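Novice:
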Amino acid sequence: MTRKPRDAAESLAAAAAAPRRLLLLDFDGTLCPLRRRPELAHLTAAQRALLRALNQGRGRVAVVSGRSVEDLHKRVATRGLVYVGSFGLQSSGPDWRWAHPRAHAARPALRAFAGRLRLMFSDVPGALIEFKGSGICVHRRGVPPAHDARFERRLRRARAVAPAGLRWRRGPLSWEVAPDVAWDKGRAALALWRRFDRPFLLAIGDDRPDEPMLRAARARGAALRVGAGRSAARVRLKNPAAVWRFLRTLAERGRDELNDQTLRAQKSGL
Ligand SMILES: [Mg+2]
Numbered sequence: 179m180t181r182k183p184r185d186a187a188e189s190l191a192a193a194a195a196a197p198r199r200l201l202l203l204d205f206d207g208t209l210c211p212l213r214r215r216p217e218l219a220h221l222t223a224a225q226r227a228l229l230r231a232l233n234q235g236r237g238r239v240a241v242v243s244g245r246s247v248e249d250l251h252k253r254v255a256t257r258g259l260v261y262v263g264s265f266g267l268q269s270s271g272p273d274w275r276w277a278h279p280r281a282h283a284a285r286p287a288l289r290a291f292a293g294r295l296r297l298m299f300s301d302v303p304g305a306l307i308e309f310k311g312s313g314i315c316v317h318r319r320g321v322p323p324a325h326d327a328r329f330e331r332r333l334r335r336a337r338a339v340a341p342a343g344l345r346w347r348r349g350p351l352s353w354e355v356a357p358d359v360a361w362d363k364g365r366a367a368l369a370l371w372r373r374f375d376r377p378f379l380l381a382i383g384d385d386r387p388d389e390p391m392l393r394a395a396r397a398r399g400a401a402l403r404v405g406a407g408r409s410a411a412r413v414r415l416k417n418p419a420a421v422w423r424f425l426r427t428l429a430e431r432g433r434d435e436l437n438d439q440t441l442r443a444q445k446s447g448l
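Here the sequence shown is numbered in this note's numbering, starting from 179 and rising by one per residue.
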């Protein structure tokens with residue numbers, strides 16, 4: 179492709195015309211509206227069917243999230259997709275699993291630290307410590323404003339006693355703790371791109387951790403950012419509903435094209 183897509187329609191046309199494509203889709207805020215209780219986020223049966231349709235023939239679909247791979251499996255619950263979890267540190271496909279070697283090695287220490295964090299935050303109402311295998315999430319969504327100060331005090335203490343070699347990343351209503359390795363959604367995207375033999379990449383994300391993935395996709399296909407905020411993506415979608423409209427149109431175009439090919443093959447007597 180010589181010219182980069184400048185809007186959603188051009189992105190769609192380029193992805194539909196590509197001989198092979200890989201969709202990289204963030205989950206929270208992209209496929210699902212952001213929820214105060216992340217455990218309630220899920221896809222509908224129709225959305226699952228659409229992802230399955232996009233994962234056939236010339237297309238592959240990967241859900242790329244900060245959640246753990248196990249959590250994504252439960253929530254997306256669509257067979258045959260690639261799941262990339264913990265901001266790229268773990269991934270799994272229909273017949274393979276991968277974890278970043280350093281994240282894998284850090285797992286026992288992280289599990290032990292998650293146990294310590296549970297004790298430390300046990301007197302902060304609504305605080306939740308989630309061990310994600312390749313990382314820990316300290317959720318503050320459930321913490322009432324009256325207990326914000328206590329949460330902050332516990333957090334400072336936790337960071338002071340944390341094992342070395344961890345990176346603390348602030349999310350909208352949580353803190354993510356993970357091994358400090360030079361790895362992100364962008365590197366994970368490139369690893370998948372190579373695994374699938376360099377297809378057209380189309381990435382959609384809504385948040386800062388998605389930006390490396392959007393940069394990787396912009397150079398190899400198309401990148402779309404959901405909502406506002408500075409972004410490497412040149413194309414915007416308003417919200418998850420717009421993302422699903424985009425994906426539905428892409429699936430329809432793909433089906434039309436497949437039908438055209440079959441028709442042409444029949445006409446030429448193949
Ligand atoms: Mg997101």
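The C-beta atom is built at its ideal place from N, Cα and C for all residues, glycine as well.
Computed from a prediction, not measured in an experiment: that's the story for all the values here.
What are the partner residues of His317, as DSSP defines its beta bridges?
Specialist: Bridge partners of His317: Leu306, Ser352.
Novice: So, is Pro418 buried or exposed, given that buried needs 16 or more other C-beta atoms within 10 angstroms?
Specialist: With 16 or more Cβ atoms within 10 Å of its Cβ, Pro418 is classed as buried.
Novice: Within its chain, find whatever has a CB closer than 8 Å to the CB of Phe374; leave out the 5 residues flanking it on each side and keep chain order.
Specialist: Around Phe374: Arg198, Leu200, Arg238.
Novice: By the three-class DSSP mapping on this structure, what secondary structure does Gly293 have?
Specialist: Three-state DSSP puts Gly293 in a helix.
Novice: To which residues of the same chain is Ala410 closer than 7 Å at the C-beta, ignoring the five residues directly before and after it?
Specialist: Excluding sequence neighbours, Ala410 sits near Glu389, Leu392, Arg393, Arg396, Ala401.
Novice: Cβ atoms of Ala192 and Phe378: under 8 Å apart, would you say?
Specialist: Their beta carbons are under 8 Å apart, which means Phe378 touches Ala192 by this criterion.
Novice: Buried or exposed: where does Gln444 fall if 16 or more other Cβ atoms within 10 Å of its Cβ makes it buried?
Specialist: With fewer than 16 Cβ atoms within 10 Å of its Cβ, Gln444 is classed as exposed.
Novice: Ligand 1 heavy atoms versus the CB of Thr208: any closer than 7 Å?
Specialist: Correct: Thr208 has its Cβ closer than 7 Å to ligand 1.
Novice: The alpha helix (DSSP H) spanning Trp371 covers which residue range?
Specialist: From DSSP, the alpha helix (DSSP H) with Trp371 extends over 363 to 373.
Novice: Could you check if Trp371 is buried or exposed, using at least 16 other CB atoms within 10 Å of its CB as the buried criterion?
Specialist: Under this definition Trp371 is a buried residue.
Novice: Since Phe378 is in the beta strand (DSSP E), which residue starts that stretch and which ends it?
Specialist: Taken as a continuous stretch (DSSP letters only), the beta strand (DSSP E) holding Phe378 covers 378 to 383.
Novice: From Phe291 to Trp346, what does the alpha carbon distance come to, in whole angstroms?
Specialist: Spanning the two alpha carbons is a distance of roughly 13 Å.
Novice: Could you check how far apart the C-beta atoms of Ser246 and Ser264 are, in whole angstroms? I think they sit under 8 Å.
Specialist: About 6 Å; that satisfies the 8 Å criterion.
Novice: Between which two residues does the beta strand (DSSP E) carrying Arg199 extend?
Specialist: Counting along the chain, the beta strand (DSSP E) containing Arg199 begins and ends at 199 to 203.
Novice: Would you tell me roughly how many angstroms separate the C-alpha atoms of Met179 and Pro357, rounded to the nearest one?
Specialist: Because the pLDDT at Met179 is just 49, under 50, the model does not fix this residue reliably, and the value given afterwards should be weighed accordingly. Looking at the two C-alpha atoms, the distance is approximately 37 Å.
Novice: What does the alpha-carbon distance come out to for the pair Leu425 and Arg334?
Specialist: Rounded to whole angstroms, Leu425 to Arg334 spans 42 Å at the Cα level.
Novice: Quick one: using the 10 Å Cβ neighbour count with 16 as the cut-off for buried, is Val339 buried or exposed?
Specialist: Per the 10 Å Cβ criterion, exposed.
Novice: If you follow the beta strand (DSSP E) that Arg238 is part of, which residue opens it and which one closes it?
Specialist: That run of the beta strand (DSSP E) goes 237 to 242.
Novice: DSSP has Ser270 in a bridge; who is on the other side?
Specialist: Tyr261, Arg275, per the DSSP bridge assignment.
Novice: For Val421 and Pro387, what's the separation of their Cα atoms in angstroms?
Specialist: Going by the C-alpha atoms only, they are around 18 Å apart.
Novice: For ligand 1, I want to know if Gly407 counts as a neighbour, meaning its beta carbon is within less than 7 Å of at least one of the ligand's heavy atoms.
Specialist: No, Cβ of Gly407 sits at least 7 Å from all heavy atoms of ligand 1.
Novice: Rounded C-beta distance between Thr208 and Gly349? I'm assuming under 8 Å.
Specialist: The pair is not a contact, with the Cβ atoms about 14 Å apart (cut-off 8 Å).
Novice: So who's on the other strand from Asp206, going by DSSP bridges?
Specialist: Paired residue(s): Cys210.
Novice: Measure the C-alpha to C-alpha separation of Ala305 and Ala196 and round it to an integer number of angstroms.
Specialist: Looking at the two C-alpha atoms, the distance is approximately 46 Å.
Novice: Nearest to Ser300 by alpha carbon, out of Arg289, Val242, Ala287, Val321?
Specialist: When only C-alpha atoms are compared, the closest one is Val321.
Novice: Taking Ala240 and Val260 to be in contact with their CB atoms under 8 Å, please state how far apart those CB atoms are, rounded to whole angstroms.
Specialist: That pair is a contact at about 4 Å.
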